[in-house]
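J.: Chains as they are written, first to last, in our numbering: chain G, 43 to 172; chain S, 43 to 172. Positions of the beta carbon are idealized from the N, C-alpha and C atoms, including for glycine. Source: prediction; values computed, not measured.
Protein chains: 2
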Amino acid sequence: METKSNNAKRRELPLYKDDGCSFEGYDPSSLMAETAKLRNLITKRGTLEILIPLCCSTSPVRHKKFRETLKGISSKTLAYRLQELEKGGVLERHSYNEIPPRVEYRLTPKGQELVESVIALLQWMRKWSM
Amino acid sequence: METKSNNAKRRELPLYKDDGCSFEGYDPSSLMAETAKLRNLITKRGTLEILIPLCCSTSPVRHKKFRETLKGISSKTLAYRLQELEKGGVLERHSYNEIPPRVEYRLTPKGQELVESVIALLQWMRKWSM
């Protein structure tokens, strides 16, 4: 009986405080599981870098601009990541029938929310790199 | 003469607005360069995952807890990432002479600031995964 009651107690983790600022007392393994899919997208090599030009502009960003900014990432990886972010509902791709052809990416509302956190992360990096 | 004046104009990028919320108009390549070192640390496989147990606790986190939570990461990678985060001034390692030995990690003030952005990022993941 005592073992059972102990098990029951263990499951009673303090709840995630939905005040927009804390996971204190939340179960880390649940958090791992709940964030798995998008964590996988966001932590891929090049994804954070693709978001950088989008943090610096409220206008759509041209494919050309990504190529210029992401010098260490191959065109193939860049194309693949952009596609993943489009499929993941973070970016919208717009292609214009012009000469030379123009391809632009803009943030979806989901992407806009992501960029807000990324900006805070980049500000932290900038602050502590100086 | 005109070329010169064009070049001068190009360099006059709008400044980063230090209102804590935007990089609008900032040069993405500068932002890439300025964040290079810490971006390299933060985007490594396993780093974000190590920060998850630290987002769920205001107390130090035991090495054991990281091992339990980060099931997909090898012990070797975990040990290496913890070391990098310690060297990077994000974590402090405390080792206690007990049987069994106890090793704990706590956030430095720099790490605490990082975790605030990471919490926002995890909240975004959780929100859009449901």
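Quickly, what does DSSP pair G/Leu149 with across the bridge? List them, please.
T.: Within the first sequence, the letter at position 107 stands for residue 149 of chain G. Beta-bridge pairing links G/Leu149 to G/Leu133.
J.: Taking S/Ser71 and G/Ile161 to be in contact with their CB atoms under 8 angstroms, please state how far apart those CB atoms are, rounded to whole angstroms.
T.: The sequence position of residue 71 of chain S within the second sequence is 29, counting from 1. The sequence position of residue 161 of chain G within the first sequence is 119, counting from 1. 17 angstroms between Cβ atoms; not a contact.
J.: Cβ atoms of G/Ser99 and S/Glu140: under 8 angstroms apart, would you say?
T.: Within the second sequence, residue 140 of chain S is the residue found at index 98, counting from 1. Within the first sequence, residue 99 of chain G is the residue found at index 57, counting from 1. Cβ atoms of S/Glu140 and G/Ser99: not closer than 8 angstroms.
J.: Quick one: any contact between the stretch 143–163 of chain G and the stretch 119–132 of chain G, if contact means 3 or more CB pairs under 8 angstroms?
T.: With the cut-off at 8 angstroms, the stretch 143–163 of chain G and the stretch 119–132 of chain G touch.
J.: Looking at the strands, I want to know which residues DSSP matches up with G/Tyr138.
T.: On the first sequence, position 96 is the one that residue 138 of chain G refers to. BP columns for G/Tyr138 point to G/Arg144.
J.: Nearest chain G C-beta to S/Thr85 closer than 8 angstroms, yes or no?
T.: Translated into the one-based positions of the second sequence, residue 85 of chain S becomes position 43. Cβ-Cβ to chain G under 8 angstroms: yes for S/Thr85.
J.: Does any residue of chain G bring its CB to less than 8 angstroms from the CB of S/Ala162?
T.: One-based indexing of the second sequence puts residue 162 of chain S at position 120. At least one chain G Cβ lies under 8 angstroms of S/Ala162.
J.: What residues in its chain sit with their C-beta under 8 angstroms from that of G/Lys107, if we drop five residues either side in the sequence?
T.: To locate residue 107 of chain G, count along the first sequence from 1; it is residue 65. Closer than 8 angstroms at the Cβ level, and outside the excluded window around G/Lys107, lie Pro95.
J.: Helix, strand or coil for S/Arg87, going by three-state DSSP, please let me know.
T.: The residue given as residue 87 of chain S occupies position 45 in the second sequence. Coil, per DSSP.
J.: Mind checking S/Glu44: buried by the 16 CB within 10 Å criterion, or exposed?
T.: The residue you call residue 44 of chain S lines up with position 2 of the second sequence. Because S/Glu44 carries a pLDDT of 41, less than 50, the predicted location of this residue cannot be relied on, and the following value inherits that uncertainty. The residue in question, S/Glu44, is exposed, as its Cβ has fewer than 16 Cβ neighbours within 10 Å.
J.: Got a sec? Which residues, its chain only, sit under 8 angstroms from S/Pro143 by beta carbon, not counting five neighbours each side?
T.: Position 101 of the second sequence, counted from the start, is the residue given in the question as residue 143 of chain S. Excluding residues within five positions, the ones whose Cβ falls inside 8 angstroms are Ser137.
J.: Within the chosen definition, does the stretch 73–82 of chain S reach the stretch 108–116 of chain S through at least 3 CB pairs nearer than 8 angstroms?
T.: Touching, no, given that fewer than three Cβ pairs across the two stretches are closer than 8 angstroms.
J.: Could you pull out every residue in the same chain whose Cβ sits closer than 7 angstroms to the Cβ of G/Arg123, ignoring the five residues on either side in sequence?
T.: Counting from 1 along the first sequence, the entry for residue 123 of chain G is found at position 81. Here the set comprises Lys86, Gly88, Thr89 and Ile92.
J.: Measure the CB-CB distance between S/Ser101 and G/Ser159 and report whether it falls below 8 angstroms.
T.: Translated into the one-based positions of the second sequence, residue 101 of chain S becomes position 59. Translated into the one-based positions of the first sequence, residue 159 of chain G becomes position 117. It is not a contact, given that the beta carbons lie outside the stated cut-off.
J.: In whole angstroms, give me the CA-to-CA distance for G/Trp170 and S/Leu73.
T.: Residue mapping note: residue 170 of chain G aligns to position 128 of the first sequence, counting from 1. Residue mapping note: residue 73 of chain S aligns to position 31 of the second sequence, counting from 1. So the alpha carbons of these two residues sit roughly 13 angstroms apart.
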